[in-house]
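S.K.: Quick note: the sequence shown, position 51, residue 50 per numbering that gives the first Met the number 0, numbers continuous.
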Amino acid sequence: MAPANCCPRWTFRLLPYPWQQPFRASEHGFILLLVPLLATLTLALVDGALAATPTSPLSPLPTTSQPSLPPSEAPLPPSEPSWPPSEPSWPPSSGGAAITIRGKLLYRTTWPNGTWLLSSVNGTSTSYTLPYQPIEARSGNEIPPGQYVNLTCFLPNDITTMCSNITNARIYLAAAPMIATNVTLRVLVMVVSINKTPGRRCSAVKGANVTQIKDAFLGPGGYADFFENCSYGRMVFDRQMLTVEPIVIPCIETNLQCTPEIISNAAMKYLPQEISTGEYSHLLYVFPDDKEFGNKCNPSPGLGEVPGPNSWYWSSDFDKGIFSKGTVMQEILHNFGLYHGWRNKDEYGDASTCMGSGQSCPSAPELWHLGWATPLAQLNSSTFPVATYMNFTLPATYLGPMGAMIKIQPDWLDTNYYTKNLYLSLRVKAAGDKDLYEDFNGKLNIHEINSTMDNSRDKVGNDPFVTMIGERMTPGSNNVRLVPYKLLLHIGAFNDRTSTIMVTICRFVNGPDECTFAAL
0 MAPANCCPRW TFRLLPYPWQ QPFRASEHGF ILLLVPLLAT LTLALVDGAL AATPTSPLSP
60 LPTTSQPSLP PSEAPLPPSE PSWPPSEPSW PPSSGGAAIT IRGKLLYRTT WPNGTWLLSS
120 VNGTSTSYTL PYQPIEARSG NEIPPGQYVN LTCFLPNDIT TMCSNITNAR IYLAAAPMIA
180 TNVTLRVLVM VVSINKTPGR RCSAVKGANV TQIKDAFLGP GGYADFFENC SYGRMVFDRQ
240 MLTVEPIVIP CIETNLQCTP EIISNAAMKY LPQEISTGEY SHLLYVFPDD KEFGNKCNPS
300 PGLGEVPGPN SWYWSSDFDK GIFSKGTVMQ EILHNFGLYH GWRNKDEYGD ASTCMGSGQS
360 CPSAPELWHL GWATPLAQLN SSTFPVATYM NFTLPATYLG PMGAMIKIQP DWLDTNYYTK
420 NLYLSLRVKA AGDKDLYEDF NGKLNIHEIN STMDNSRDKV GNDPFVTMIG ERMTPGSNNV
480 RLVPYKLLLH IGAFNDRTST IMVTICRFVN GPDECTFAAL
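Written as structure tokens, this is what we have:
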């Protein structure tokens with residue numbers, strides 16, 4: 000029986016539990032009116048709180064602090080991936096991380112395998128050493144030196160500039176064409192010595208003789224004359240501008256350790272303020288005059304960048320390093336994109352050229368690539384008739400830049416076999432070649448070179464493997480067969496009055512018996 004003051008049809012029970020109290024509209028009618036109002040107010044407050052915090056359909060990716068590059072840096076191409084959205088700040092703020100860096104790709108000719116590095120990283124003077132030659136992420140091809148590259152560098156800690164691994168390498172700016180003609184070299188030579196630091200367990204190491212180095216460059220028959228003769232006046236030294244400056248470095252800067260980077264950084268730090276490196280085209284660093292210390296710095300007498308303005312030299316031996324004209328020319332020509340001269344799979348084996356182990360001018364293919372000399376003839380399937388002898392009077396290379404070689408492009412071979420071009424040249428001990436080794440004097444030299452790279456000489460590329468394949472081709476030699484190229488050579492007598500030689504060449508299809516002389 001319901002209580003007298005309650006209408007039975009307005010009595011509610013939520014669940015049949017004995018502890019629940021009846022809910023009567025007659026007793027709580029006002030409260031019932033407030034329920035929808037309170038619910039509406041609660042929803043409004045929740046919506047307002049949510050509106051204050053933007054939401055994303057995806058959970059945020061974990062990030063490190065990576066502000067974008069300074070405004071001076073060019074934006075990435077549209078084809079770059081959208082993550083990360085910006086490149087890291089410079090320098091990186093934490094160690095052991097993957098950072099994105101960009102700069103100019105250089106190759107240093109360190110022994111035995113060479114060193115790859117990215118210079119001027121993110122617009123600074125810092126260089127980062129790479130573990131190997133970068134591979135372009137889109138094409139899968141090796142990136143040649145001189146290109147401007149963006150890549151991801153993995154650092155083992157926060158103090159090193161040596162990447163333990165690299166990925167996502169992409170070219171963002173192509174290398175400029177290499178120009179080695181009509182060049183005036185403005186050279187600063189920094190001669191380094193090590194001074195003892197009080198309280199440090201290290202000794203002083205003297206530097207090379209500054210006067211002797213300057214005489215090696217500017218004296219009669221010195222390096223300035225050597226460059227002018229070999230280039231036929233196309234690359235010369237500014238003799239007035241040449242500066243040889245002694246630099247004293249406290250041993251605390253090296254702790255008797257040495258790398259090219261340590262020496263160059265310390266030399267720049269202690270260079271007199273009145274000397275502005277921006278006025279010079281090439282910077283040469285001379286290691287202290289101690290053979291053991293020089294070996295720590297670099298295990299070979301010279302080191303150059305491909306391409307770049309820097310080179311480093313021993314000074315402990317009077318016929319090596321900075322005191323060797325062959326070494327000095329080799330390292331400076333590395334700066335212009337040349338590599339070493341090969342023979343019998345030996346990277347320095349070509350003794351006919353300064354780019355190998357010689358004290359003479361560059362070889363014929365090297366002269367061509369520098370733009371210092373032009374061919375007497377350029378033979379290919381369109382200019383060289385089959386099975387017909389052609390005669391050439393070939394002058395020695397020292398005589399001048401015009402007609403200094405015979406260039407052969409054997410494009411008559413099957414596509415898979417046409418991989419190299421050939422160069423024939425006559426070398427004689429005179430002018431820039433006055434120190435040519437006797438093995439090559441008055442003889443025909445034959446070189447081969449990667450054809451793809453040779454046919455686009457204005458580009459800095461990978462090593463084209465300029466290789467001596469025939470030397471001591473004595474005048475009067477007949478039936479010199481270059482079977483892989485389907486060529487037959489006859490070498491005439493050397494004319495010592497004119498420094499010329501007669502070369503007769505034929506290309507055949509099946510064998511040299513096909514060759515005949517053209518009808519008169």
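Ideal Cβ positions, reconstructed from N, Cα and C, are used throughout, including at glycine.
Being a predicted model, the structure only gives us computed values, none of them experimental.
(1) Using DSSP with H/G/I as helix, E/B as strand and the rest coil, what is D514?
(2) Am I right that P144 and L104 are in contact with their C-beta atoms under 8 Å? What's the rounded C-beta distance?
(3) Beta-carbon separation of V191 and V243 under 7 Å?
(4) When burial is assigned at 16 or more other CB atoms within 10 Å of the CB, is Y579 buried or exposed?
(5) Please work out which residues of its chain come closer than 7 Å, Cβ to Cβ, to K324, disregarding the five sequence neighbours upstream and downstream, and give them in chain order.
(6) Given M389, which residues of its chain have a CB within under 6 Å of its CB, disregarding the five upstream and five downstream residues?
(7) For A403, which residues from the same chain have a beta carbon less than 6 Å from its beta carbon, with the 5 sequence-adjacent residues on both sides left out?
(8) Check whether the region 410 to 427 touches the region 125 to 144, counting contact only when three or more Cβ pairs, one atom from each stretch, lie closer than 8 Å.
(9) Pop quiz: G301 and E330 are said to be a contact at Cβ under 8 Å. What is the actual Cβ separation, rounded to whole angstroms?
(10) Is the beta carbon of H339 sitting closer than 7 Å to the one on M354?
(11) Looking at the structure shown, is N140 part of a helix, part of a strand, or coil, going by DSSP?
(12) Within 10 Å of its beta-carbon, does V204 have 16 or more other beta-carbons around it, so buried, or fewer, so exposed?
(13) Residues in the same chain with beta-carbon distance under 8 Å from A173, minus the five sequence neighbours each way, listed in chain order, please.
(14) Could you tell me the alpha carbon to alpha carbon distance between M452 and P306, rounded to whole angstroms?
(15) Between T497, N444, N264, which has its C-alpha nearest V479's C-alpha?
(16) Closer than 6 Å by C-beta to S163: which residues in its own chain qualify, once you throw out the five before and the five after it? Chain order, please.
(17) Would you decide whether S362 is buried or exposed? Buried here means 16 or more other CB atoms lie within 10 Å of its CB.
(18) Which residue from I212, T466, I100 puts its Cα closest to that of K344?
(19) Quick check on the DSSP output: the beta strand (DSSP E) that includes A97 runs from which residue to which?
(20) Thinking C-alpha only, which one of T418, S498, N494, N509 is nearest V482?
(21) Using the three-state DSSP reduction, which class does E346 fall into: helix, strand or coil?
(22) List the endpoints of the continuous alpha helix (DSSP H) containing K213.
(23) The beta strand (DSSP E) with S192 in it runs from where to where?
(24) Look up F576 in the DSSP assignment and say whether it is helix, strand or coil.
(25) Taking contact to mean at least 3 C-beta pairs separated by less than 8 Å, is the region 400 to 417 in contact with the region 378 to 389?
(26) For the putative contact between D237 and R200, defined by C-beta atoms under 8 Å, what is the C-beta separation to the nearest angstrom?
(27) I'd like to check one pair, I500 with L393: are the Cβ atoms closer than 7 Å?
(28) G370 and T180: beta carbons closer than 7 Å?
(29) Within a Cβ cutoff of 6 Å, which residues of the same chain sit near A265, ignoring the five residues on either side of it in sequence?
(30) To the nearest angstrom, how far is the alpha carbon of K268 from that of C360?
(31) What is the DSSP secondary structure of F464, reduced to helix, strand or coil?
(32) Tell me the rounded alpha-carbon separation between D288 and L241.
(33) At which residue ranges does the region 387 to 459 contain complete beta strand (DSSP E) runs of 3 or more residues, listed in the order of the chain?
(34) Please name the residue, chosen from N167, S263, P176, that lies closest to T125 on a Cα-to-Cα basis.
(35) Extract the residue ranges of the alpha helix (DSSP H) inside the region 321 to 368, only unbroken runs of 4 or more that lie entirely within it.
(36) Quick check: is any heavy atom of the ligand FMN less than 6 Å from the C-beta of L421?
M.R.: Per the coordinate set shown:
(1) At residue 514 the sequence reads Cys, which differs from the Asp that was named. Looking at C514 - three-state DSSP - the assignment turns out to be coil, as it is neither helix nor strand.
(2) 5 Å
(3) no
(4) Since the displayed the chain opens at 0 and closes at 519, residue 579 lies outside it and no answer follows.
(5) Y222, F225, Q358
(6) I504
(7) A372, T396
(8) no
(9) 4 Å
(10) yes
(11) coil
(12) buried
(13) Q146, Y147
(14) 16 Å
(15) N444
(16) F153, P155
(17) buried
(18) T466
(19) 97 to 107
(20) N509
(21) coil
(22) 209 to 217
(23) 186 to 194
(24) Residue 576 lies beyond the range of the chain shown here (0 to 519); nothing can be said about it.
(25) yes
(26) Actually they do not touch by this definition, with Cβ atoms about 43 Å apart.
(27) yes
(28) yes
(29) I248, E252
(30) 35 Å
(31) coil
(32) 21 Å
(33) 389 to 394, 405 to 407, 419 to 426, 442 to 449
(34) S263
(35) 324 to 333
(36) Absence of the ligand FMN from the depicted structure is noted, as is the absence of any ligand whatsoever, leaving it without description.
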